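Okay, structure first, notes after.
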Amino acid sequence: MKFKSTRDGQEEVSFQEALFKGLAPDGGLYHPVTFADLKDDFNAFNEKTDFNSIAETITHRLLGDELKEESAKSIVKRAFDFFPKVNRVSDQLSILELFHGPSSAFKDFGACFMAAAMEEFLAKENKRIIILVATSGDTGSAVARAFHGKKNIDVVILYPSGRVSLLQEKQLTTLGGNVTALEVAGAFDDCQRLVKEAFLDRTLNEKLILTSANSINLGRLFPQSFYYIYGYAQIKERITDDFIFCVPSGNFGNLTAGIYAWKWGLPVTKFLAATNVNDVVPEYLETGIFKARPSKKTLSNAMDVGNPSNFERMKVLFNGKWHLMHEMVEGEAVTDAETLETMARLYKEKNLFIDPHTAVGYLSAERFLKTHSDKSMQIMVLSTAHPAKFLETVESATSAVPEMPENLKKAMELPKESVKTGNTLNDLSDFLLQKFGA
Ligand SMILES: *Cc1c(COP(=O)(O)O)cnc(C)c1O
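Per the numbering used here, the very first residue in the sequence shown carries number -5; after that it's consecutive.
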C-alpha cells in the first residue's frame, strides 16, 4: 500500500514514511493511492472472530509489502490488550463501545497502534525519537498512555496549566518513565504554537529527532478502520439489508477510517455524520457549500471543531464530487439540550449511561430510523468515550453517577508529576536540550 498527499504532491511514500512524517511536504494529508479488495476476508470474519485477528489480517494484507507477518502480529499484539464491545440496545440499533482502552476513549485504538508501529520500525533502525504533543486535555492522555514504556521513544506532552480538568491532568502527569508532562504557563494555543516552533527550529532539529503524533497522522487513522470491520462481523448474521454506521464527529478522522473500510469492500450502505452545533459538514452535505467557521463550545467538546482537518481526505475519497459524498454520507446535528435529554432518557428507559459525544450519535441514529420505516435496517452507533470521563455532564443529565473504570480510578490516586515551564520557544528548547541533548 502506498500513500500520497491530498494536495498537489505526487510523490508516493510507504506507510513507514507517512507514519514518521505526519504531514506531507506540501502541507497536505497522506491518503491511500489505491484501495485493495478485502471482501473475501470480510466474508470469512464472523461474530467469533476476535478483534486482534481482524487487526492482524488487515494489517498484513495492506502493509505486507513493508511488514512481515510476524511484524504485523507483533504490532497488533503490543497495541491492543483491549477490545471493542457491541451492546445491542434494540432490534435495529446497537452501540459499538470503543472506550475500553487505557484512556477510556476511542482515540486509544489509533494511538496504541501508532506507538507500537513506531517502536517496531525504530527497533530495526536503532534510532531514538522524541514525540512532541500539545494537548487541551483528551488527545494527550491517549498518546501518553500509548507511548508509555515504548523503547527508543521519549514523549513530551505540553498542556496549558490550570486549564485541563483534574481527571485529564492526572491522566497526563502520573505515568512517569519515558513520558514527561510539561505544564505550560499559557493557553492551549500557546502549547500548539510552541510545538510548531520547535519543529521549525534548526538548532533543535540538528540535535534531536522530533516527531509529531497528532490526529492527522495516517498511523492513527489506519487502525481505526479495524473496529468498523469488527462491528460488522459481530452483527453480520442480523444484517439482511441496509447496514449503517453512525459516527459522532469532530475532525472526521473516525468517519474517514470507516470510509476506508467501505472502500476495501465492507458492505456498508451509508455513514451518518453526527455533529453537535458545529455542523460545517452536515451543512456541506445538505447544500454543497463548505463554510469553515470558528468553533462553538458545547458539552461534547471533543467535537467542537469549526474546520475539520480530515475533510480534505473525505473530499479526495469522493473525487471532490459533492453528489458522490452525499450518496454515501448523511449529516445530522444535535444541540446541547437534545444531548442532555438523550442521556437522561437512555438512563431512565434502559439504565444505560452514555457520554455526551455518544449521545449526539445516538439521537442522530434514532432520528434516521424514525424517518426510514424499513424494519430490516441495522444501525450501529460508535460510542467514543466512557461516560465516567464526562462525569459532571452525565451527572447533571441523569442525577446518577456511572462507575469509574479501573484505569481512571488508578490515575486519580497517583501523585501528579509535571515540569512547569514558560511559554516561549527558549523555555521549551532549554528543557529539551537539557533533558535529551547529548
Ligand atoms: C476526538 C473525539 C471525537 C471526534 O472524533 P474525530 O475523529 O475528530 O471526528 C468524538 N468523541 C470523542 C470522545 C473524542 O475524543
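From the three backbone atoms N, C-alpha and C, an ideal C-beta is built for every residue, glycine too.
In this text, all values refer to a predicted model and were calculated from it rather than measured experimentally.
Neighbour-count burial assignment, residue i, 16 or more Cβ in a 10 Å radius
i	result
Asp349	buried
Arg307	buried
Gln4	exposed
Leu212	buried
Arg287	exposed
His351	buried
Val137	buried
Asn199	exposed
Pro409	exposed
Leu188	buried
Gly314	exposed
Glu41	exposed
Val178	buried
Leu318	exposed
Thr250	buried
Arg214	buried
Glu280	exposed
Ile203	exposed
Asp438	Since the first residue shown for the chain is -5 and the last is 432, residue 438 is missing from the structure and cannot be characterised.
Glu321	exposed
Lys164	buried
Residue i versus residue j: straight-line alpha-carbon distance, rounded
i	j	result
Gln86	Leu402	32 Å
Thr336	Glu343	10 Å
Pro242	Glu326	10 Å
Val80	Lys383	20 Å
Lys118	Ser393	53 Å
Phe425	Ser209	25 Å
Thr174	Val150	5 Å
Arg82	Ile89	6 Å
Ile373	Phe193	43 Å
Glu397	Glu389	11 Å
Lys101	Gly95	9 Å
Asn420	Val127	17 Å
Ser159	Val262	38 Å
Thr234	Glu91	23 Å
Gln228	Lys285	38 Å
Ala140	Ala38	30 Å
Glu6	Leu61	17 Å
Met108	Leu427	25 Å
Leu422	Cys185	10 Å
Leu293	Thr269	12 Å
Tyr222	Ala255	7 Å
Asp273	Leu357	15 Å
Tyr341	Thr129	31 Å
Ser377	Ala99	9 Å
Asp368	Phe362	11 Å
Whole-Å CB distance - residue i paired with residue j, under 8 Å assumed
i	j	result
Asn172	Asp148	5 Å
Thr205	Glu411	Rounded, the Cβ-Cβ distance is 23 Å, inconsistent with contact.
Lys71	Glu113	About 12 Å; that fails the 8 Å criterion.
Ala49	Pro217	7 Å
Phe239	Val323	Wrong, their Cβ atoms sit about 10 Å apart, outside the cutoff.
Below-7 Å beta-carbon distance, residue i vs any chain C residue
i	result
Gln10	Of the protein chains in the structure, only one exists, and it is not chain C.
Near ligand 3: residue i beta-carbon under 6 Å from a heavy atom
i	result
Met406	Ligand 3 is not among the ligands present in this structure, which contains only ligand 1.
Query raised in the report: Mind pulling the beta strand (DSSP E) runs of 3 or more residues that sit fully within the segment 301 to 368?
Result: Along the length of the segment 301 to 368, whole beta strand (DSSP E) runs at least 3 residues long occupy 323 to 327, reported in chain order.
Requested in this report: Quick one: which unbroken alpha helix (DSSP H) runs of 4-plus residues sit fully inside the segment 87 to 119? Chain order, please.
Outcome: 101 to 119, all fully within the segment 87 to 119.
Query raised in the report: What are the start and end residues of each continuous alpha helix (DSSP H) run of 4 or more residues lying completely inside the segment 152 to 220, in chain order?
Result: Within the segment 152 to 220, the complete alpha helix (DSSP H) runs of at least 4 residues are 160 to 167, 182 to 194, 196 to 201.
Query raised in the report: Can you list, in chain order, the stretches of the alpha helix (DSSP H) that have 4 or more residues and sit fully within the segment 232 to 281?
Result: For the segment 232 to 281, the full-length alpha helix (DSSP H) segments reaching 4 residues or more read 247 to 257, 274 to 281 along the chain.
Query - Every unbroken alpha helix (DSSP H) inside the segment 11 to 41 [4 residues or more] - result: Counting only runs of 4 or more, we get 33 to 38.
Report task. Would you list, in sequence order, the uninterrupted alpha helix (DSSP H) runs of no fewer than 4 residues that lie entirely inside the segment 35 to 81? Result -> With a minimum length of 4 residues, the unbroken runs of alpha helix (DSSP H) contained wholly in the segment 35 to 81 fall at 45 to 57, 63 to 73.
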